[in-house]
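Colleague: Numbering (the numbering used here), first residue to last: 7 to 211. One structure, pasted below without further comment.
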C-alpha cells in the first residue's frame, strides 16, 4: 500500500489578495503589481534586502513561500524541504523587457538589473537561501496548472526520502497578470495530498 501524504498549509496570492489556508489575510485595491507586492512585503514584515532587486516572478514566488515557511519554526542551520514549482510563462515577462533594451538602437544598454533575476531557478535559489533549504528543487513549465504532475513528483520525493517536506505549486506572472498557489506537503496534515484536493485549493479564490 502506498504511503499517504498530506497538505499541511497553503497560500494563494491573486486578484489583489493574499490568503493562507483559505483565510483572507490581506487585500488591497492596487491594480499595479509592483505597488501591490510591495504592500504585501511590508504587511507581512518580510526582511530580505535582495527582494527589491528581484523581477516580478521572483517577488511573487518569494513572498508566497516566505509567508508559509516563516511560521514553520524551521531549523536555523538546514532544512530538508524540496521545492517543486511550475508555471506557464517561465520568465517571459522579464525576458521581454531585456529584449526591448537590446532592440533599442538609440539607447542600447541592456541593464544587468533587468535580467539578473529572470530565470525561474533564481526565485528557487533565493527561497532556499532565506530559509536554508538544501534539498532538491525543480521548476516545470506547463500550459496550465498541472496538479497531477505536482502530486506525483512531490510524493515521489517524499517516498524515496529525498526530502522530509515539499513546498510545491504554481507561480505565474505575465504582463501584470499574477497567480501564486503554494502548499507544503508532508506526512502529517488534515488534507490528503490528492489531485482533486490540490485543484480545489488552487481554486479557493
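Every residue gets a Cβ at the ideal spot worked out from N, C-alpha and C, and that includes glycine.
Counting only the same chain and skipping the five closest in sequence on each side, list residues whose C-beta sits under 6 Å from that of residue 92.
Modeller: Around residue 92, the same chain offers 146, 148 and 176 as residues with beta carbons nearer than 6 Å, after the five sequence neighbours per side are excluded.
Colleague: Would you grab the beta carbon distance between residue 66 and residue 43 for me? Rounded to a whole angstrom, and I think it's under 8 Å.
Modeller: Taking 8 Å as the upper bound for CB-CB distance, residue 66 and residue 43 are in contact here, some 7 Å apart.
Colleague: Could you name each continuous beta strand (DSSP E) segment of 3 residues or more that falls completely within the segment 130-206, going from the start of the chain to the end?
Modeller: 143-147, 171-180 and 183-192
Colleague: Is the beta carbon of residue 153 closer than 8 Å to that of residue 189?
Modeller: no
Colleague: Going by alpha carbons, who is nearest to residue 181 out of 38, 151 and 70?
Modeller: 38
Colleague: Rounded to whole angstroms, what's the CA-CA distance from residue 30 to residue 41? Just pull it up for me.
Modeller: 19 Å
Colleague: Let me confirm a value: residue 168 is counted as buried when at least 16 other C-beta atoms fall within 10 Å, else exposed. Which label applies?
Modeller: exposed
Colleague: Helix, strand or coil for residue 92 per DSSP?
Modeller: strand
Colleague: Between 183, 192 and 163, which has its C-alpha nearest residue 36's C-alpha?
Modeller: 183
Colleague: Can you tell which of 141, 156, 53 and 33 has its C-alpha closest to the C-alpha of residue 21?
Modeller: 33
Colleague: Since residue 33 sits in a beta bridge, which residues does DSSP pair it with?
Modeller: 23
Colleague: Which residue's Cα is closest to the Cα of residue 89: 156, 58, 48 and 62?
Modeller: 156
Colleague: Give me, in chain order, the residues of the same chain whose beta-carbon lies closer than 6 Å to that of residue 17; leave out the 5 immediate sequence neighbours on both sides.
Modeller: Excluding residues up to 5 positions away in sequence, 26, 70, 73, 74 and 188 lie with their Cβ nearer than 6 Å to the Cβ of residue 17 in the same chain.
Colleague: Beta-carbon within less than 7 Å of residue 28's beta-carbon, same chain only, minus the 5 sequence neighbours each way: which residues are those?
Modeller: 210
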